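Order-wise, the sequence lines are chains A and B. Numbering-wise, the numbering used here puts 32 at position 29 of the first sequence, and it's gapless, one number per residue. Numbering-wise, the numbering used here puts 66 at position 63 of the second sequence, and it's gapless, one number per residue. Worksheet for the structure shown next.
There are 2 protein chains.
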Amino acid sequence: MARKQTMDHTQLLVLSLLAGEDMYGYQMIVELARRSDHTFEMKEGTLYPVLHGLERSGAVEAYEQEAPTGRVRKYYHLTRRGAAFLKEEARAWQTYSGAVNAVLRACPALDPA
Amino acid sequence: MARKQTMDHTQLLVLSLLAGEDMYGYQMIVELARRSDHTFEMKEGTLYPVLHGLERSGAVEAYEQEAPTGRVRKYYHLTRRGAAFLKEEARAWQTYSGAVNAVLRACPALDPA
DNA sequence: AAATTATACATAGAACCACGAGGTATGTCA
DNA sequence: TGACATACCTCGTGGTTCTATGTATAATTT
Numbered sequence: 004m005a006r007k008q009t010m011d012h013t014q015l016l017v018l019s020l021l022a023g024e025d026m027y028g029y030q031m032i033v034e035l036a037r038r039s040d041h042t043f044e045m046k047e048g049t050l051y052p053v054l055h056g057l058e059r060s061g062a063v064e065a066y067e068q069e070a071p072t073g074r075v076r077k078y079y080h081l082t083r084r085g086a087a088f089l090k091e092e093a094r095a096w097q098t099y100s101g102a103v104n105a106v107l108r109a110c111p112a113l114d115p116a
Numbered sequence: 004m005a006r007k008q009t010m011d012h013t014q015l016l017v018l019s020l021l022a023g024e025d026m027y028g029y030q031m032i033v034e035l036a037r038r039s040d041h042t043f044e045m046k047e048g049t050l051y052p053v054l055h056g057l058e059r060s061g062a063v064e065a066y067e068q069e070a071p072t073g074r075v076r077k078y079y080h081l082t083r084r085g086a087a088f089l090k091e092e093a094r095a096w097q098t099y100s101g102a103v104n105a106v107l108r109a110c111p112a113l114d115p116a
């Protein structure tokens with residue numbers, strides 16, 4: 004009966020992070036954890052394939068930039084195409100979560116929760 | 004870029020349907036579609052394996068009952084154990100959807116949506 | 001100075017989950 | 001009698017995320 008918190012809607016979250024500013028992978032993981040109050044602890048094994056996929060589909064563009072520390076980081080930038088995709092995904096999330104909530108509201112056992 | 008509406012959180016939805024009354028499989032599909040304004044059109048290939056899993060884990064119990072038409076239907080009943088599981092899942096959904104919304108709120112590009 | 005931790009990127013394999021496609025069968029209506 | 005809605009079920013596939021692992025550098029601790 005153990006509950007495993009799967010991410011899902013990963014693309015939506017990743018794109019929404021990049022809507023504010025360009026970020027590099029590691030930063031996105033830390034930021035996502037912070038903004039979600041540590042509900043989401045995305046793994047590298049999840050993030051990087053997603054980023055590469057978004058890059059292939061033209062939603063993001065990557066460029067390298069040296070950090071003050073001397074390390075080279077790979078930043079990702081949201082393209083116009085990616086911004087449009089983000090809006091789509093956000094709308095889909097509204098629909099999806101709204102539908103779940105509607106079903107739950109029809110369930111008497113959960114009101115006093 | 005096509006958006007595929009995956010169900011996910013299927014167990015939660017199935018359990019919440021059974022919290023109100025006993026139902027049989029086909030009925031659950033119809034009810035879920037109705038309550039979600041047709042956002043969720045669960046497939047038999049999704050529902051029946053889930054129901055069998057819930058039965059194995061003791062969250063639901065099945066019994067057969069003849070319909071007025073003469074057909075025998077398989078009804079599912081939520082057990083006490085299943086009700087507890089439902090509460091857990093509902094809380095997990097609150098946490099999850101709350102976290103997604105928190106991340107989206109931090110995203111400037113989506114406010115005028 | 002050495003060891004550990006945090007930073008930073010990446011991939012391959014395993015596991016899970018929902019779906020599509022298909023199968024079986026009965027009741028109803030034209 | 002043919003079509004359609006009802007009603008149940010399973011198998012194989014594909015997509016998605018995780019675990020595990022690998023590489024490498026900077027910062028911190030011992």
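Here a beta-carbon is modelled for each residue, glycine too, at the ideal position from N, C-alpha and C. What you are looking at is a predicted structure, and each value in this text was computed from that prediction instead of being measured.
One alpha carbon belongs to A87 (chain B), the other to A105 (chain A), and they sit about 20 Å apart. The Cβ atoms of L18 (chain A) and A62 (chain A) lie closer than 8 Å to each other. With a minimum length of 3 residues, there is no unbroken run of beta strand (DSSP E) contained wholly in the stretch 11 to 42 of chain A. Within the stretch 25 to 44 of chain B, contact with chain A at the beta-carbon level (separation under 8 Å) is assigned to L35, R38, S39, D40, T42, F43.
When DSSP reads this structure, L81 (chain A) sits in a beta bridge with A:V63.
Here DSSP, grouped into helix, strand and coil, assigns E47 (chain A) to helix.
For G23 (chain B), the chain A residues whose Cβ falls inside 9 Å of its Cβ are A109, C110, P111, A112, in order along the chain. Contact with chain A is absent for T82 (chain B), since none of that chain's Cβ atoms lies less than 8 Å from the residue's Cβ. Within chain B, the C-beta atoms nearer than 9 Å to that of L89 (chain A) come from C110, A112, L113, in chain order.
Distance from the CA of L107 (chain A) to the CA of T49 (chain A), rounded to the nearest whole angstrom, comes to 30 Å. The Cβ atoms of G23 (chain B) and K77 (chain B) do not sit closer than 8 Å to each other. Within the same chain, G28 come within 7 Å of Y51 (chain A) by CB-CB distance, once the 5 residues on both sides are set aside. Within 7 Å of the CB of H55 (chain B), no CB atom of chain A is found; the nearest one sits about 16 Å away. With distances taken between CA atoms, E58 (chain A) lies nearest to A:G85 out of A:Q68, A:L20, A:G85, A:E92. Counting C-beta atoms within 10 angstroms of its own C-beta, Q14 (chain A) has 16 or more neighbours from the protein chains shown and is therefore classed as buried. Here the alpha carbons of E67 (chain A) and V75 (chain A) stand approximately 6 Å from one another. DSSP, reduced to helix, strand and coil, places R74 (chain B) outside both helices and strands of the structure shown, so it counts as coil. Excluding the 5 residues flanking it on each side, R83 (chain B) has no same chain C-beta neighbour closer than 8 Å. C-alpha of L89 (chain B) to C-alpha of Q30 (chain B): approximately 19 Å in a straight line.
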